[in-house]
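In what follows, a single structure is set out as structure tokens and then discussed.
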DNA sequence: GCAAGGTC
């Protein structure tokens, strides 16, 4: 029998139908196996990695195992998907040849190799080869199976090296900071090649915000009139008040139009969705991990294409027109017609061959889906149709005005043709009006204003912008970025959106920068990529790479002052509980626990000031401060329902006030 | 109970 192994069930089914024509499906151990009619060939799908690299059980006890022993420990591959492994073994016994047909990339090669190790245990002599395809289309698949090659063991080795390096660094440093700070059990503090640089970006942005000193500047605006009134802005940003005032004084009753331009500007369509772009747009109404799991669901139920892709160019093989036409019989009829009127796809910069950009594959109606599913589905449909629709056209007017030597500028834009904007309703079409003017025309100056402004600190990252930044620095993959971000939340490193780091995050990043800075930098990923390329080329050995990591970490462990490290982090943890200053003694107030939780003074027992807290729901200290007393605004996240925020001091005062009114009335 | 990477 000929056994074909793919990366997942879905591709197994599709490949079987392309290769065999008619397929008979059997369940073995609850796993789908797709047989040819004669029963001589079978395709089975894995579930990505079905084995997991880990330390042997003896290393499980964090407090008893010396960290140094993690450096050169023998690692084990533990089967994660028991049933798939058993099915594979059963099929392997009957097989005389095996074709590995997992995804054609580094991880795919390792996933295939893992399956092969299981197969060879029960059938060591089986003939093995590899089919490489970059799209599941009949021609591509037939071609790949006609021109089969060898399994690329070096490539699998490279991926395995990544696993070892990630595990070793992650385990050693995670345990180091957790142990030294006493954060054990479910409260442990983690470190990793991808999560730590991501966290560092967030922490560093927060530092910029905290250290930001606003500088004042002045702007001048004026209202001009010919037949209509309009506002224009002085071209200069004044850094000195006197200069602004001088310029302001010079502006008289009249001004002259110096330049006037009227033109049409074409605004291109948005590019096809890859995972990052999709998550960014969904981010306007949903967190990325939720958007991803819904997309996953829509994909599994056949509504949209595979949601994990880097590709922003539709492949030729995709019949765009056929897909659009389906939507003529849906509530997107109007949008489909707009797309059909043009049918020229936009394209992004990145083109890969593995999966097409995310697009709808079937028409759904509102009733088929939950509310959130529909929102994601609608986003994918509208985006898809927009990428094929006509460009938008704006009529733009620009004017430059001379007011006694002071130069003002204004612009206006009016939409001429909506084009894709009518389809993709997630961007607002905002028009600004500017009257038609002529060069040399004299305008009345109706009014003028001097504005005092202040420079603002940079904004915090949002879930979408940090995922974009991770992509830019090559941190994580399209499949893992949203999960790693979620990890930062569950570890208590960050809160809210825009993302605010906690004090623990500051402490952990500071500690890591001191002890093992490489793990907080994207360079580590870049270096690992280089090493993996050389392993694939056969120019570098896995052992060398692993040993290099081991030696580095060994050095870290030798020179680290665990007590000092623990102190720094514990102080950070403590700072996270501080909510403000005690109105009675001026010492710090912090969240404390006795019978229940409450806010108490660090001057206790001398100062007995306390504030009550709600006892239910998760409690967070936000980055916002109350205007009245400077106390931190707190957030309660109930297990059900919406979260709410409050100032603990204001609420207490209000509550007391109400009590007084009730008793007096 | 550690990471990151596949997939669900």
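In the UniProt record's numbering, the protein residues as written are 1 to 665.
For glycine and all other residues, C-beta sits at the position ideal for the given N, C-alpha and C.
Exposure of residue i, with buried meaning 16 or more beta-carbon neighbours within 10 Å
i           : result
residue 699 : It is not possible to answer for residue 699, since the shown part of the chain is limited to 1 through 665.
residue 184 : exposed
residue 212 : exposed
residue 78  : exposed
residue 389 : buried
residue 655 : exposed
residue 301 : exposed
residue 612 : exposed
residue 285 : exposed
residue 523 : exposed
residue 239 : exposed
residue 644 : exposed
residue 309 : buried
residue 247 : buried
residue 679 : Limits of the chain in this structure are 1 at one end and 665 at the other, which puts residue 679 out of reach.
residue 329 : exposed
residue 566 : buried
residue 487 : buried
residue 359 : buried
residue 197 : buried
Which of helix, strand or coil DSSP assigns to residue i
i           : result
residue 32  : strand
residue 50  : coil
residue 324 : helix
residue 623 : strand
residue 408 : strand
residue 552 : helix
residue 588 : strand
residue 402 : strand
residue 615 : coil
residue 26  : strand
residue 352 : coil
residue 648 : helix
residue 507 : helix
residue 632 : strand
residue 665 : Any reading at residue 665 must be qualified, since the residue scores a pLDDT of 45, below 50, and its modelled position is unreliable; the value itself is stated next. Coil.
residue 302 : coil
residue 597 : strand
residue 288 : helix
residue 19  : helix
residue 173 : helix
residue 520 : helix
residue 432 : strand
residue 427 : coil
residue 371 : helix
Alpha helix (DSSP H) segment containing residue i, residue limits
i           : result
residue 113 : 106-122
residue 581 : First-last for residue 581: 578-581, but that is the beta strand (DSSP E), not the alpha helix (DSSP H).
residue 602 : Careful: residue 602 lies outside any alpha helix (DSSP H) and carries neither H nor E.
residue 690 : Residue 690 is absent from the structure shown; the chain starts at 1 and stops at 665.
residue 313 : Note, residue 313: premise wrong, no alpha helix (DSSP H); not H, not E.
residue 420 : No alpha helix (DSSP H) contains residue 420, which DSSP labels as neither H nor E.
Euclidean distance between Cα positions of residue i and residue j
i           : j           : result
residue 543 : residue 62  : 26 angstroms
residue 222 : residue 399 : 13 angstroms
residue 99  : residue 128 : 6 angstroms
residue 665 : residue 658 : Because the pLDDT at residue 665 is just 45, under 50, the model does not fix this residue reliably, and the value given afterwards should be weighed accordingly. Near 10 angstroms, if we compare the C-alpha coordinates of residue 658 and residue 665.
residue 97  : residue 304 : 35 angstroms
residue 175 : residue 525 : 21 angstroms
residue 339 : residue 109 : 39 angstroms
residue 40  : residue 342 : 48 angstroms
residue 602 : residue 424 : 54 angstroms
residue 20  : residue 27  : 18 angstroms
residue 171 : residue 161 : 15 angstroms
residue 480 : residue 188 : 21 angstroms
residue 327 : residue 380 : 13 angstroms
residue 446 : residue 254 : 9 angstroms
residue 492 : residue 637 : 14 angstroms
N-terminal and C-terminal residue of the beta strand (DSSP E) that residue i is part of
i           : result
residue 447 : 442-454
residue 534 : Careful: residue 534 lies outside any beta strand (DSSP E), inside the alpha helix (DSSP H) at 523-536.
residue 130 : 127-130
residue 3   : 2-6
Whole beta strand (DSSP E) elements within the stretch 195-283, 3-residue minimum: 216-225, 229-234, 254-267
Unbroken stretches of the alpha helix (DSSP H), 4 residues or longer, contained in the stretch 461-497: 463-472, 481-490
3 or more residues per run - each beta strand (DSSP E) lying fully within the stretch 41-106: 41-45, 51-54, 76-79, 97-101
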